Structure formats: structure tokens, C-alpha cells
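Notes follow once the structure below has been shown.
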Amino acid sequence: MTTATVTGTGGRRVAGRRRSVLSDRAYRGGLAACVLLFVALVGWFVVAIVIQARPAFSTLGFSWIFQKTWDPTHNHFGLLPAILGTLETTAIAMVLAVPIGLGTALSLAYLIPVRLRPPLSTAVELLAAVPSVVYGLWGLIALAPIWRSTVEPFLSSVLGWTSLFNGPNSGNGLLLAGCILFVMVLPTMVAISRDVLAVVPVEQVEGAMALGATRWQTLRKVVLRDARTGILGAFTLATGRALGETVAVALVIGNSPYLAHSLKSTAVTIPALIVNSFGEATGTFRSALFGAALVLLVIGMVVNSVARLLVRRTARTGVASVAVA
Amino acid sequence: MVVRSLTAAGAVAVLGIGLTACSSSSSTTTTTAPPGGSLSGGNSSYLSADLKAPAGTLLAAGSTFVQPFFNSAFYSYTGKNPGLKVNYQGVGSGTGITDFQSGTVDFAASDVPMSASDLAKVPASSGPVVQIPDILGGVSISYDLPGVTKQLKFDAPTLAGIFDGSIKTWNASQIKALNPGVSLPSNAITPEVRADSSGTTYIFTDYLTTAAPSVWTLGAAKTIAWPSTAVQTPKNSGVAASIKSTPYSIGYVELDYAIANHFTYAAIKNAAGSFVTPSPATVAADADQKPTISPTNFSIVNEPGTASYPIAGYSWAILLEHQTSATIGAQVVKLLDWTTHTGGGQDLAASLYYVALPPAIQNQNRTELLTVTGPNGAALLTK
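Taken in sequence, the protein lines are chains A and B. Note that the working numbering has the first sequence beginning at 5, numbered continuously upward. Note that the working numbering has the second sequence beginning at 6, numbered continuously upward.
Laid out in C-alpha cells, this is it:
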């Protein structure tokens with residue numbers, strides 16, 4: 005139904021501009037078919053998950069999503085620890101990835117000597133192609149001992165007062181999983197941001213400079229502001245990858261389905277929970293895992309909507325401040 | 006008419022299974038049976054007949070524990086019997102059972118035999134199910150304890166305390182009492198366990214439930230509600246890697262894997278009170294103590310005998326008793342008969358650090374496979 009309106013509007017617009025010729029019509033039909041196929045695939049995907057998840061919701065209601073106990077053997081499917089674990093690891097990854105990713109992208113687009121840009125850009129894109137299981141094994145075998153012996157004790161001594169780093173140094177856990185995710189989403193963040201930063205019109209940059217803005221002021225007030233929507237796109241894709249990353253997280257997070265009391269605690273995420281349990285799950289357990297997948301889908305949508313809202317709001321205040329100035 | 010005669014035969018077969026189950030439980034109480042037993046006559050003529058299976062492709066799925074053994078055994082079998090191809094998918098025991106119930110595979114493999122509720126989900130028209138052990142394996146207690154070179158000793162109550170989180174440090178009094186003369190550090194213990202559902206977890210917790218029932222309260226299952234102190238990693242190789250990279254950790258790892266990767270593992274106190282190091286020989290000694298097993302009475306943990314390593318278990322192959330295709334049926338029984346006997350697939354066990362099935366179990370497997378019939382009601386396994 006929604007697809008019909010979409011093609012309808014598109015059709016009217018094209019038809020209104022000029023008489024359509026045969027090739028135009030074929031082109032339009034082809035595009036409509038693409039959209040229809042896309043919508044059908046997404047719809048099919050969501051419907052399939054909903055159908056598989058339904059038994060869990062009909063036997064357990066909805067409260068299990070917010071309960072704390074995950075013990076499939078005794079039919080407790082509390083999803084809260086996994087939901088929080090997913091949000092926490094993603095938050096750690098994005099808190100690191102947004103500033104560092106944007107900084108790298110700005111450097112690649114404006115600061116680094118032109119001759120050095122292509123090899124560095126290629127290196128970033130290569131990182132995006134590394135399979136996630138390789139990141140996971142790297143984390144488990146190489147990083148976990150360093151996190152346990154050096155990184156976690158250091159953070160505890162410097163930031164211990166925040167009580168975010170209480171408890172023993174475990175190596176595996178939220179912090180390491182978040183850091184692995186940071187490395188994994190960084191290429192996405194950098195590659196897309198660099199592309200949108202690079203297409204900011206030269207006239208605007210030069211104009212700002214001509215008005216006496218420093219390089220930093222130009223980057224901050226003109227380039228970053230102009231590329232805002234594109235950067236949001238980078239953020240959305242990177243967040244999506246962090247929320248949904250499965251194997252790498254399962255290898256380093258400790259998969260302990262309890263509420264984490266510190267960033268050093270072992271925890272679990274929804275994708276890790278699903279990949280660990282799915283092969284052997286039957287009945288309500290299996291259905292609850294599909295329910296968990298549905299919850300993850302909703303989390304992804306909520307996070308992206310919030311990000312979109314924030315950007316829209318900053319856009320408005322941005323315009324306002326310019327007007328006032 | 007065909008359906009009716011099938012269900013009649015099914016009822017008879019169910020009775021038959023019931024009878025063997027009864028006789029097995031009575032025979033375990035008598036300890037006079039010779040451990041292990043010996044292979045029944047005619048083994049070699051069965052094995053040479055096995056290698057004349059009809060041409061075609063078999064599809065099977067299930068346990069990842071047995072997969073390396075199956076890959077090796079099936080490769081060897083199909084090399085000697087070139088018309089046949091076997092496609093075994095290591096998708097996990099649970100998925101293997103689901104596939105078997107829906108009839109999408111010709112046979113399945115599971116680390117724990119199908120339970121009564123699993124069997125109830127097999128369509129009644131399919132008839133009864135035959136389950137036979139296909140390989141034997143042990144579970145090692147591996148650890149990384151810097152500064153300690155002497156092999157540690159554990160008993161079931163101590164292991165139960167370590168894995169339920171009540172024993173927290175390496176110098177706890179229970180561990181000290183079992184290891185006099187070893188200077189144990191005061192570091193916290195990190196228990197390393199499986200994050201995914203696993204037959205290895207089942208065997209280990211079955212042992213704790215059997216040998217330390219008053220201490221271990223988390224049950225025997227393929228997934229356990231581990232305490233929050235436990236680090237959970239997926240797959241055997243994941244737990245192994247995590248133990249290796251975590252000082253002061255301890256976990257349970259399949260013995261074949263622990264031996265192949267030169268892990269440090271503990272000696273475990275058995276039912277006879279002696280501390281036994283895991284090895285193919287001590288696992289076999291444990292299995293030999295129980296010459297008759299069935300899908301409902303399959304646990305071989307904590308068996309008597311001074312040489313028995315107490316944490317061991319079988320992996321199981323699952324097939325239908327009434328095969329609807331004479332060709333596929335013959336392929337399945339011949340392949341599984343060859344795979345589960347000495348002179349056939351069991352000869353490959355040792356090189357892969359698995360343990361070969363005791364002769365008594367091999368004989369029992371042949372008896373079971375001889376009950377499998379084709380559409381015309383005739384046995385498919387031939388000499």
C-alpha cells in the first residue's frame with residue numbers, strides 16, 4: 005500500500021514535467037520494481053521473524069523482555085542483561101568512534117598532505133574488509149591479556165572515582181568488547197565521513213577563510229555543519245554494525261547473562277546470545293531467541309530515530325544562531 | 006495397509022527397546038561381567054559386506070563434537086566404497102535432532118541421546134527410532150596456574166565449588182587439602198565455561214551431579230545458569246583459547262582437544278578414591294565398567310574401578326528403524342556399522358584423540374543395527 009503511493013508520487017512528478025517516452029516508462033518501471041523488491045524483502049524478513057517469535061510472546065507475554073534472569077534450562081528468558089549489554093558495548097564503541105573517526109576523516113579530507121591521502125584512505129577501507137571473526141580472535145588472544153594486565157588497572161587507578169571500573173580486572177568483558185567494536189566501526193565512520201566532508205563546496209570553505217575564519221573555525225562552523233547529514237549516515241551505519249556484531253563480541257565479552265556492575269564486568273549482547281544458543285535451542289527457547297532478534301531490530305530503529313532527531317534539532321538551533329549572529 | 010503393518014511393527018519394536026532397557030538396568034547392578042567384553046564373531050565378514058553399500062549420497066547433521074571423527078571415518082569409508090558420498094553437517098546436536106524429526110536428514114548425531122519428549126516429536130508414521138553410540142570421549146579439567154608445575158588434583162565437591170563460584174581463590178582450603186605440598190597462590194579463580202549449548206557441558210555437569218549431589222545444585226544440562234564470575238566463550242576452541250590467555254583460569258575442555266594442544270590438565274578423584282589423569286586408556290577403563298547402555302540409561306560418569314577417569318561420555322548416532330528406501334537404508338546401516346566397529350571407523354579414533362567404543366558396546370550396536378529394516382521388512386545389514 006505504501007509502495008503504491010511512493011511510485012504514484014514519483015510517477016506524477018515525472019509525467020508532469022514532460023510527456024514520457026517508452027524508454028522513460030521502462031526506466032520508471034524498472035525503478036519501481038527495485039523498490040517493490042526491496043520493500044518485499046524487508047517485509048518478508050520482518051514477518052518471518054515475527055512469526056517465529058510469536059510463540060514466545062503468546063506463552064511468556066511481554067514482561068520477559070525486561071526481566072533480569074536468563075536461564076533457558078528453567079524457562080527464564082529475561083532479556084534485560086542482553087539489552088543493556090548491547091547498548092553499553094555500542095555506547096563505548098561510538099563514544100570512541102565518533103570523535104576519533106571524525107578527526108581522522110577531517111585530517112584525510114583537509115589536513116594531511118595530498119600525496120599521503122590515497123594510501124591512508126585505502127588502509128582505512130582495507131580495515132573494513134577484515135572478517136569479524138578475525139577481530140574477535142585478535143581480541144581474545146592478543147588484547148585480553150593486555151587489557152587485564154595494563155589497560156584495566158590503569159583505567160581503574162585514573163578513573164576509579166567514577167566507580168565505572170570497580171571489580172577485578174577480567175580482560176574479557178564490556179570494555180574489551182566495546183573497544184573491539186570501536187576498531188570494527190571506525191573504518192565505516194571514517195570512510196563515509198571523509199567522502200561527505202570532501203564534497204563540501206570549495207566556495208564555502210574559501211568564503212569562510214576570506215571572512216577571516218581560522219582553519220579550525222572553518223572546519224567546525226562550515227565543513228562539519230554542511231556535512232552533518234552525511235555524518236549522520238556514517239553514524240547510523242556504524243551504530244548498526246556495533247549493535248548487530250555477533251562473532252567478535254561473543255568471543256571477547258564473556259557471555260555472562262547478568263547485569264554488569266562495572267565496565268570491566270563480563271556481560272552479553274543480544275547477537276552473542278542468539279549465536280551461542282541457536283544451534284541447540286528448541287520450543288519456547290528458540291522462539292525467545294527470535295523475540296530477542298525482534299527486540300534488537302527495534303533497538304536499532306530507536307537509536308537511529310533518536311540520532312536523526314538530535315541532528316534535526318541541532319540543525320534548527322544552528323540556523324537560529326546564524327540568524328541571530 | 007502398508008501404514009497399518011508399519012505401526013504394528015513399530016509397537017513390537019518399542020516393546021523390544023523397552024525390554025533391552027530393563028535388562029540393561031538389571032545387568033548394571035551385577036558387577037561380575039568382564040569389563041569391556043570382546044568382539045563377537047563374524048565382525049570382519051560384516052565389515053567387508055559394509056563396504057558394498059549401494060551408490061548415492063547420504064545427508065546427515067548434528068553434533069560438532071563428533072564431526073572431526075565422522076569426517077575422517079566417512080572419508081575413509083567413501084574411499085573404499087567409491088559410489089557413496091556422505092554429507093555430514095556439524096550444525097549442533099539440537100539442530101541435528103530437529104532436522105531428524107522433520108525428516109530432512111537420513112541420520113543425525115547428538116552428544117546426548119534423544120529424550121522421550123524429543124522422540125515424541127518424531128511423526129508416528131515414521132516408526133521407532135534407533136540410537137547407537139558412535140564414539141567415546143573424555144572431558145579434561147584444564148587450567149593455567151602460573152608458578153605451579155606439579156599436576157593438580159581435584160575431586161567432585163571441589164570442582165562443584167569452583168564452578169558454582171563458592172570457592173573463589175586458588176589457596177582455598179578445599180584445594181589445599183587435595184594438593185599437599187603445592188604452594189597455591191591467593192589469586193582469584195576464573196572459571197572458563199562454554200557459552201553455547203554443548204554435550205561437553207552436559208557430561209561435565211552430569212559428573213558433578215552424580216559425584217557431588219549435595220554441593221552441585223545447578224543441574225546436569227547442555228546449558229547451565231553459570232555464576233556471574235564464570236567467563237563464557239563459544240565452542241571448545243574458544244574456551245581453550247580463553248584458558249590459554251587467562252592466567253589463574255580453569256575450565257573443562259574435550260580431552261582430544263586438550264591432548265592435541267598440550268594443555269595442563271588435572272587428575273580427578275574417581276569413585277574408587279584414586280586420582281586419575283585423563284587419557285584414552287583411563288576413559289576406556291571408565292566406559293568398560295558399564296558394558297550395557299541404552300538411550301535412557303547412558304551416563305558413564307563416575308564409574309567404579311581404580312583406573313577409571315570419571316568424566317566421560319558417548320556421542321550418539323540416530324536413525325529410523327523402518328527405512329522407507331531400501332537403498333538409503335542400506336547405505337545408512339552399512340556406513341554406521343562400519344564406523345562404529347573395530348576394523349572399521351573405530352580404528353581411526355586414537356589418531357584423533359577420541360576413544361574407541363568398548364567391544365561390548367560395538368556388539369550391542371550391531372544387534373541394534375540388525376533390527377533396522379527396509380520397506381519389505383527385511384534386515385538391511387548383511388554379512
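Every residue gets a Cβ at the ideal spot worked out from N, C-alpha and C, and that includes glycine. Keep in mind it's a predicted model, so treat the numbers as computed, not measured.
Kindly say whether residue 250(A), judged by its beta-carbon, lies nearer than 8 angstroms to any beta-carbon of chain B. It does not; no Cβ of chain B falls within 8 angstroms.
CB contact check: residue 239(B) to chain A, cutoff 8 angstroms: Under the 8 angstroms criterion on CB atoms, residue 239(B) is classed as interfacial with respect to chain A.
For residue 112(B) and residue 337(B), the rounded distance between their alpha carbons: In this model, residue 337(B) and residue 112(B) are separated by some 7 angstroms (Cα to Cα).
Alpha carbon of residue 98(A) to alpha carbon of residue 251(B), nearest angstrom: Each residue's alpha carbon lies about 28 angstroms from the other.
Amino acids of chain B, ordered along the chain, whose beta-carbon sits closer than 8 angstroms to that of residue 174(A): Neighbours of residue 174(A) in chain B, taken as residues whose beta carbon is under 8 angstroms from its own, are 195, 236 in chain order.
Just tell me which of 207(A), 79(A), 130(A) has its CA closest to the CA of residue 191(A). When 207(A), 79(A), 130(A) are compared, the shortest CA-CA separation from residue 191(A) is found for 130(A).
Roughly how far, in whole angstroms, is the beta-carbon of residue 279(B) from the beta-carbon of residue 301(B), given that I think they are within contact range, below 8 angstroms? Actually they do not touch by this definition, with Cβ atoms about 30 angstroms apart.
For residue 137(A) and residue 249(A), I'd like the C-alpha separation in whole angstroms. Cα-Cα distance, rounded: 10 angstroms.
Any beta carbon from chain B within less than 8 angstroms of residue 90(A)'s own beta carbon? No, residue 90(A) does not count as interfacial toward chain B.
Alpha carbon to alpha carbon, how far is residue 381(B) from residue 273(B)? Between the alpha carbons of residue 381(B) and residue 273(B) lies a gap of roughly 51 angstroms.
I want to know whether the segment 285 to 297 of chain B touches the segment 96 to 108 of chain B - three or more CB-CB distances under 8 angstroms. Short answer: they don't touch.
Identified DSSP bridge partners for residue 138(B): In the DSSP assignment, residue 138(B) forms a beta bridge with 321(B).
Could you check whether the Cβ of residue 191(B) sits closer than 8 angstroms to any Cβ belonging to chain A? Among the residues facing chain A, residue 191(B) is not included, as its CB has no counterpart in that chain under 8 angstroms away.
What residues of chain B sit near residue 75(A), judged by a beta carbon separation below 7 angstroms? Taking the beta carbon of residue 75(A) as reference, the chain B residues within 7 angstroms of it are 230, listed in sequence order.
Simplified DSSP state of residue 388(B), which is helix, strand or coil: Note: residue 388(B) maps to coil in three-state DSSP.
Mind listing the chain A neighbours of residue 96(B)? Cutoff is C-beta to C-beta under 7 angstroms, in chain order. What residue 96(B) touches in chain A: 283.
Partner residues on chain A for residue 99(B), Cβ-Cβ distance less than 8 angstroms: Those within 8 angstroms of residue 99(B) in chain A are 283, 284, 285, 286.
My assumption, with CB atoms under 8 angstroms, is that residue 185(A) sits in contact with residue 134(A). Please give the rounded CB distance. Not a contact, Cβ separation roughly 13 angstroms.
Would a check of beta-carbon distances place residue 83(B) closer than 8 angstroms to chain A? No, residue 83(B) lies away from the interface with chain A (no Cβ there is under 8 angstroms from its Cβ).
Which chain A residues sit within Cβ distance under 9 angstroms of residue 201(B)? Among the residues of chain A, those whose CB is under 9 angstroms from the CB of residue 201(B) are 254, 259, 279, 280, 281, 282, 283, 284, following chain order.
Taking residue 276(B) as the reference, which of 298(B), 213(B), 347(B) has the closest Cα? Shortest Cα-Cα distance from residue 276(B) to any of 298(B), 213(B), 347(B) involves 213(B).
If we define contact as Cβ-Cβ less than 8 angstroms, is residue 178(A) a contact residue for chain B? It does not; no Cβ of chain B falls within 8 angstroms.
Please list, in chain order, the chain B residues whose beta carbon lies closer than 8 angstroms to that of residue 144(A). Those are 238, 243, 246, 247, 250, listed as they occur along chain B.
Strand pairing of residue 418(B), partner residues [DSSP]: Because residue 418(B) is not part of the residues shown, which for chain B are 6 to 388, the question remains open.
Does DSSP classify residue 333(B) as helix, strand or coil? Helix.
Straight-line gap, residue 146(B) to residue 117(B) (C-alpha atoms, nearest Å): Inter-residue distance for residue 146(B) and residue 117(B) is about 20 angstroms (C-alpha atoms, whole angstroms).
Going by DSSP in three states, residue 326(B) sits in which element: helix, strand or coil? In the three-state reduction of the DSSP assignment, residue 326(B) falls in the coil class.
Runs of alpha helix (DSSP H) lying entirely within the segment 39 to 120 of chain A, each at least 4 residues, in chain order: Entirely contained in the segment 39 to 120 of chain A, the alpha helix (DSSP H) runs reaching 4 residues are, in chain order, 84 to 110.
Beta-carbon neighbours of residue 233(B), restricted to chain A and to distances below 8 angstroms: Residues of chain A whose Cβ lies closer than 8 angstroms to the Cβ of residue 233(B) are, in chain order, 260, 262, 269, 270.
Which of the three DSSP states is assigned to residue 112(B) in this structure? When secondary structure is reduced to three states using DSSP, residue 112(B) falls in the strand class.
Which residues in chain A sit within 8 angstroms of residue 227(B), going by Cβ to Cβ distance? Residues of chain A passing the Cβ test: 284.
Sort out for me which residues DSSP pairs residue 302(B) with in a bridge. Answer by DSSP bridge pairing, in chain order: 299(B).
Endpoints, the alpha helix (DSSP H) within which residue 222(A) is located: Segment 219 to 222, the alpha helix (DSSP H) holding residue 222(A).
Please identify the residue among 86(A), 93(A), 199(A), 73(A) whose C-alpha is closest to the C-alpha of residue 227(A). Per the Cα distances, 199(A).
Rounded Cβ spacing between residue 341(B) and residue 324(B) (contact assumed at less than 8 angstroms): Going by Cβ atoms, the distance from residue 341(B) to residue 324(B) rounds to 7 angstroms, so yes, they are a contact pair.
Using a Cβ-Cβ cutoff of 7 angstroms, what residues of the segment 121 to 148 of chain A are near chain B? List them in chain order. Correct list: 144, 145, 148.
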